[in-house]
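**Q**
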Amino acid sequence: MALDAFNDRTLTRRAMKAELLDAETELALAYAWRDQRDEQALHRLITAYMRLAISMAAKFKRYGAPMNDLIQEAGLGLMKAADKFDPDRGVRFSTYAVWWIKASIQDYVMRNWSMVRTGSTSSQKSLFFNMRRVQAQLEREAAAAGEKLAPHELRSMISEEIGVPLHDVEMMEGRLSGSDFSLNATQSAEDEGREWIDALEDDGAQAAEIVESSLDNAQLREWLVHALSALNDRERFIVRERKMRESPRTLESLGTEMGLSKERVRQLEAAAFQKMRKTLEAQSQEVHEFLG
Numbered sequence: 001m002a003l004d005a006f007n008d009r010t011l012t013r014r015a016m017k018a019e020l021l022d023a024e025t026e027l028a029l030a031y032a033w034r035d036q037r038d039e040q041a042l043h044r045l046i047t048a049y050m051r052l053a054i055s056m057a058a059k060f061k062r063y064g065a066p067m068n069d070l071i072q073e074a075g076l077g078l079m080k081a082a083d084k085f086d087p088d089r090g091v092r093f094s095t096y097a098v099w100w101i102k103a104s105i106q107d108y109v110m111r112n113w114s115m116v117r118t119g120s121t122s123s124q125k126s127l128f129f130n131m132r133r134v135q136a137q138l139e140r141e142a143a144a145a146g147e148k149l150a151p152h153e154l155r156s157m158i159s160e161e162i163g164v165p166l167h168d169v170e171m172m173e174g175r176l177s178g179s180d181f182s183l184n185a186t187q188s189a190e191d192e193g194r195e196w197i198d199a200l201e202d203d204g205a206q207a208a209e210i211v212e213s214s215l216d217n218a219q220l221r222e223w224l225v226h227a228l229s230a231l232n233d234r235e236r237f238i239v240r241e242r243k244m245r246e247s248p249r250t251l252e253s254l255g256t257e258m259g260l261s262k263e264r265v266r267q268l269e270a271a272a273f274q275k276m277r278k279t280l281e282a283q284s285q286e287v288h289e290f291l292g
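In structure tokens:
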């Protein structure tokens with residue numbers, strides 16, 4: 001389903017008409033995508049659960065983001081879930097997808113709430129999406145008891161209720177109550193028109209960092225080439241196909257090509273990695289400490 005080709009009403013109508021998958025069909029589609037990269041299976045899986053993504057997106061409308069954008073993000077989360085889902089774990093895809101859909105929508109809402117990043121840690125996200133609700137609930141309970149909470153008492157109670165540090169509550173309260181200012185605004189009349197953006201540090205990589213990174217990468221490549229040279233042809237082939245391709249191959253496909261069982265390929269892969277590790281550790285104390 002092309003998420004950018006329709007408005008939210010069209011997407012919703014199409015999602016509601018999509019097929020409902022039973023557990024057996026869902027599992028077969030998940031295996032087809034994971035093991036064979038069957039795009040038709042992926043399409044059926046995504047389309048069938050798009051109604052779930054839209055339903056979750058609708059719960060975030062109160063944050064002011066356009067519904068179509070929320071649906072787009074929900075769809076991206078659904079596709080990430082499909083790509084990372086492991087059918088061998090014995091859980092329904094819908095149960096697994098809920099987490100990815102919610103995470104995708106929440107990240108989008110937080111990115112667009114303010115030009116200044118509101119927060120990224122789990123406690124900051126929990127505060128962003130729950131603080132106002134918990135605060136209102138605590139204030140209602142206090143009013144019903146004929147009490148009025150002081151600001152510091154309220155912040156402390158929010159911290160305890162949500163289970164986050166008090167300083168996070170204080171920081172989030174300041175961020176949510178503030179407003180964005182233009183970085184092109186002048187700092188003061190005495191600064192001869194100097195803008196705030198002129199005071200920002202360039203967060204791009206500096207020359208010294210670029211050179212250091214280049215040298216580190218060259219050293220890593222040299223170590224890896226040496227470690228690979230210690231493997232036999234079969235081990236080197238498995239490592240290359242499993243870890244050095246843009247689209248890594250499955251144990252099953254390698255086993256079929258090599259005339260081996262899936263478990264035997266896994267054993268050879270593990271043995272190759274162990275051999276590479278020993279070779280790398282023998283290089284120098286620095287490598288040994290890095291791998292340890």
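For the sequence shown, UniProt numbering gives the first residue as 1, with consecutive numbering after it.
Beta carbons are placed, not taken as given, at the ideal position from N, Cα and C, and that holds for glycine.
1) Using 8 Å as the threshold, is the region 76-91 in touch with the region 26-36, meaning 3 or more CB pairs across them?
2) Counting Cβ pairs, one atom from each stretch, are 3 or more of them under 8 Å apart for the region 140-153 and the region 96-115?
3) In the DSSP assignment, find the alpha helix (DSSP H) that holds Glu39 and state where it starts and stops.
4) Assign Ser229 to buried or exposed, taking buried as 16 or more other Cβ atoms, counted over all protein chains shown, within 10 Å of its Cβ.
5) Can you give the Cα-Cα distance for Ala82 and Met56, rounded to whole angstroms?
6) Rounded to whole angstroms, what is the Cα-Cα separation between Glu139 and Lys148?
7) Identify, in the order they occur along the chain, each residue of the same chain with its Cβ nearer than 7 Å to the Cβ of Met79, setting aside the five sequence neighbours on each side.
8) Do the region 230-249 and the region 265-280 make contact, defined as three or more Cβ pairs closer than 8 Å?
9) Take Ala41 as the anchor and find which of Phe60, Glu19, Lys59, Ile54 has the nearest alpha-carbon.
10) When the Cα atoms are used, what is the spatial distance from Gly259 to Thr250?
11) Are the Cβ atoms of Ile162 and Asn130 separated by less than 8 Å?
12) Leaving aside the five residues before and after Arg264 along the sequence, list all residues of the same chain whose C-beta is less than 8 Å from its C-beta, in chain order.
13) Take Trp100 and list the residues in its own chain whose beta-carbon comes closer than 8 Å to its own, dropping the five residues that flank it on each side.
14) From Glu173, Gly146, Val134, Ala143, pick the residue whose C-alpha is nearest to that of Met157; which is it?
15) Looking at the structure shown, is Leu20 part of a helix, part of a strand, or coil, going by DSSP?
16) Find out if the Cβ-Cβ distance for the pair Met50, Gly75 is shorter than 8 Å.
17) Give the secondary structure of Gly75 by DSSP, where H, G and I count as helix, E and B as strand, and everything else as coil.
**A** Short version:
1) These segments touch.
2) These segments do not touch.
3) Unbroken alpha helix (DSSP H) run through Glu39: 39-48.
4) Exposed, by the Cβ-count rule.
5) Each residue's Cα considered, the two are about 17 Å apart.
6) Rounded to whole angstroms, the gap between the alpha carbons of Glu139 and Lys148 is 8 Å.
7) The beta carbon of Met79 sits closer than 7 Å to those of Ile46, all from its chain and outside the five residues before and after it, given in chain order.
8) Flag = yes, the region 230-249 and the region 265-280 touch.
9) If we check each option's Cα against that of Ala41, Glu19 comes out closest.
10) Distance from the CA atom of Gly259 to the CA atom of Thr250, rounded to whole angstroms, is 14 Å.
11) With a cutoff of 8 Å on beta-carbon distance, Ile162 and Asn130 are scored as near each other.
12) Cβ contact annotation for Arg264 (same chain, cutoff 8 Å, sequence separation greater than five): Gly255, in chain order.
13) Excluding sequence neighbours, Trp100 sits near Gly77, Leu78, Lys80, Ala81, Lys84.
14) The shortest C-alpha separation from Met157 is found at Val134.
15) Coil at Leu20, not helix or strand.
16) Gly75 sits close to Met50, with the two beta carbons spaced by under 8 Å.
17) Gly75 falls in the helix class under three-state DSSP.
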